[in-house]
Amino acid sequence: MELLSVKINDFLHYVGVNDRDTHLFENLWPLENGVAYNSYLLTAEKTALLDTVKITKVSDFSAKLKAALKGKTLDYLVVHHMEPDHSGSIVMIREMYPDVQLVGNKRTIQYLDEFYGITDNILEVKDGDTLDLGGRSLRFYTTPMVHWPESMVSYEEKSKILFSQDAFGGFGALDGTIFDDEINLDFYHSETRRYYSNIVGKFSKQVQSALKKLSGLEISMVCPVHGPIWRSHPEKIIELYDRWSRYEVEEGVVIVYGSMYGNTQRMAEVIARQLAEEGIKNIKVFDVSKTHESYILSEIWRYKGVILGSCTYNNYMFPLMTKLVNVLEMNNLINHVIGVFGSYSWSGGAVKALREFAERGKYDVIDEVIEAKCSACDEDIEGLKRVAKQMAYKLKEDRLSSLQEMLD
Ligand code: FEO
Numbered sequence: 038m039e040l041l042s043v044k045i046n047d048f049l050h051y052v053g054v055n056d057r058d059t060h061l062f063e064n065l066w067p068l069e070n071g072v073a074y075n076s077y078l079l080t081a082e083k084t085a086l087l088d089t090v091k092i093t094k095v096s097d098f099s100a101k102l103k104a105a106l107k108g109k110t111l112d113y114l115v116v117h118h119m120e121p122d123h124s125g126s127i128v129m130i131r132e133m134y135p136d137v138q139l140v141g142n143k144r145t146i147q148y149l150d151e152f153y154g155i156t157d158n159i160l161e162v163k164d165g166d167t168l169d170l171g172g173r174s175l176r177f178y179t180t181p182m183v184h185w186p187e188s189m190v191s192y193e194e195k196s197k198i199l200f201s202q203d204a205f206g207g208f209g210a211l212d213g214t215i216f217d218d219e220i221n222l223d224f225y226h227s228e229t230r231r232y233y234s235n236i237v238g239k240f241s242k243q244v245q246s247a248l249k250k251l252s253g254l255e256i257s258m259v260c261p262v263h264g265p266i267w268r269s270h271p272e273k274i275i276e277l278y279d280r281w282s283r284y285e286v287e288e289g290v291v292i293v294y295g296s297m298y299g300n301t302q303r304m305a306e307v308i309a310r311q312l313a314e315e316g317i318k319n320i321k322v323f324d325v326s327k328t329h330e331s332y333i334l335s336e337i338w339r340y341k342g343v344i345l346g347s348c349t350y351n352n353y354m355f356p357l358m359t360k361l362v363n364v365l366e367m368n369n370l371i372n373h374v375i376g377v378f379g380s381y382s383w384s385g386g387a388v389k390a391l392r393e394f395a396e397r398g399k400y401d402v403i404d405e406v407i408e409a410k411c412s413a414c415d416e417d418i419e420g421l422k423r424v425a426k427q428m429a430y431k432l433k434e435d436r437l438s439s440l441q442e443m444l445d
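Add 37 to the 1-based position in the sequence shown for this note's numbering, that's all there is to it.
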């Protein structure tokens, strides 16, 4: 059976593939809805393949490529990014098309050797260089750390299409629908924010630099290596990445607890209810043993308030809370208010560790910290309500300043 590539326009084919069998992206982040590895074939006087796919999908990928080439040979393979979900099939492509020239920057060339032992038939490009394909041309812009040091994007100058590699990408397989005007945007919005916060968010400063670098370009279409192709409203995904990389947050609170027998959970419920009574509408409560940190991080990226509670487990935080805290620490989040609480059990340790974590970061930390002995007493419950009130007060301060800005 001939595998179908998708014609994007008269010179561009989508030859990407879906991966619905990998459980964890980077062997870390859940892929309940799969992921797409996008790849594009540009056909002008010369042919150029823009990125490849994970090696496990090389069979379908190479069949699609062969069909899209319609008997032509492959002249160039542009390597925008070396992470193996995109570079994994390079060796195979070279076997299929021995004369293909790889295109990458100095760092790409280093990694081609270090990952795959490839040292020949490589064309080095620098920031701002152009590759003439005869009737079409690609201009390269380096975008270091979005997502790796060698990451770069390319821009087809006549059609104004941006090939953006990981930037503007998202989780979620492309279930037949590959363009932004074909998809359910709510689903992809959420999966794209999860991808951003899990994979790219740590490098938000570099995302801002990349956006600044590309801001002078007129962009008609964004073709990333994951998630939908933004052909109708490329400005939407650019705006989302801009907001997320500026840590722009909404009013709301994410409460996460680690609880063995329900005592710490009950404390979380008190805080959640009090927040509701204070008029906070977006309240998300998670059991860290049940919900993977991938989803929790995505919600924390969205909302300004974070409240973490942990029982003490062997003189320290509950192990899965430690895991979450490590992920948060890795991401250097700013523009968040944080509160902590927990239980002492027989030795204490969890609340102290949570408090130290909060103070090490760039958070606005709520002063009051409630540490119940084993289960919360009446005094603890009153304290938890005060924590909720302080959080609500800080969030409402933002409402007032937004209102003030509107009036000014
Ligand atoms: Fe999709 Fe950083 O690779």
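Quick reminder that beta carbons are idealized off the backbone N, C-alpha and C, glycines included.
Three-state secondary structure assigned by DSSP to K318:
coil
Does the region 254–264 come close enough to the region 344–353 to have 3 or more Cβ pairs within less than 8 Å?
no
Give the straight-line distance between the Cα atoms of L391 and S227, rounded to the nearest whole angstrom.
Each residue's alpha carbon lies about 28 Å from the other.
Per DSSP, M189 is paired with what?
T179
Can you tell me which of the three DSSP states V307 falls into?
helix
Shorter than 8 Å, the distance from the beta carbon of V262 to the closest heavy atom of ligand 1, or not?
yes
C-alpha gap between F205 and V52, whole angstroms:
Going from the Cα of F205 to the Cα of V52 covers about 18 Å.
Let's see if you can read the secondary structure: which residues bound the alpha helix (DSSP H) around N363?
Where N363 is concerned, the enclosing alpha helix (DSSP H) starts and stops at 356–367.
Is F205 helix, strand or coil when you go by DSSP?
DSSP places F205 in the coil class of the three-state scheme, outside both helix and strand.
Assuming contact is defined by CB atoms lying nearer than 9 Å, are L175 and I159 in contact in what I supplied?
no
Quick check: L106 and R131, are their CB atoms within less than 9 Å of each other?
no
Only counting runs of 4 or more residues, tell me where the alpha helix (DSSP H) segments fall wholly within the region 224–294, in order along the chain.
241–251, 271–282
In angstroms, rounded to a whole number, what distance separates the CA positions of I92 and L277?
If you take the alpha carbons of I92 and L277, they lie about 30 Å apart.
Report yes if the C-beta of I266 is less than 8 Å from at least one heavy atom of ligand 1; otherwise report no.
For I266, the shortest C-beta to heavy atom distance toward ligand 1 is 8 Å or greater.
Within the structure, which residues are defined as neighbours of ligand 1 by a Cβ-heavy atom distance below 5 Å, reported in chain order?
E120, D122, H184, D203
How many Å lie between H329 and V364 at the Cα?
11 Å
Using only the alpha-carbon positions, how far apart do D401 and A425 sit?
When rounded, the distance between both Cα atoms is 14 Å.
Can you give me the start and stop residues for the alpha helix (DSSP H) that H50 sits inside?
H50 -> not in any alpha helix (DSSP H); beta strand (DSSP E) instead, spanning 49–51.
On the premise that A409 lies in contact with M297, defined as a C-beta separation below 8 Å, what is that separation, rounded to the nearest angstrom?
In fact, because the Cβ distance is near 13 Å, the residues do not count as touching under 8 Å.
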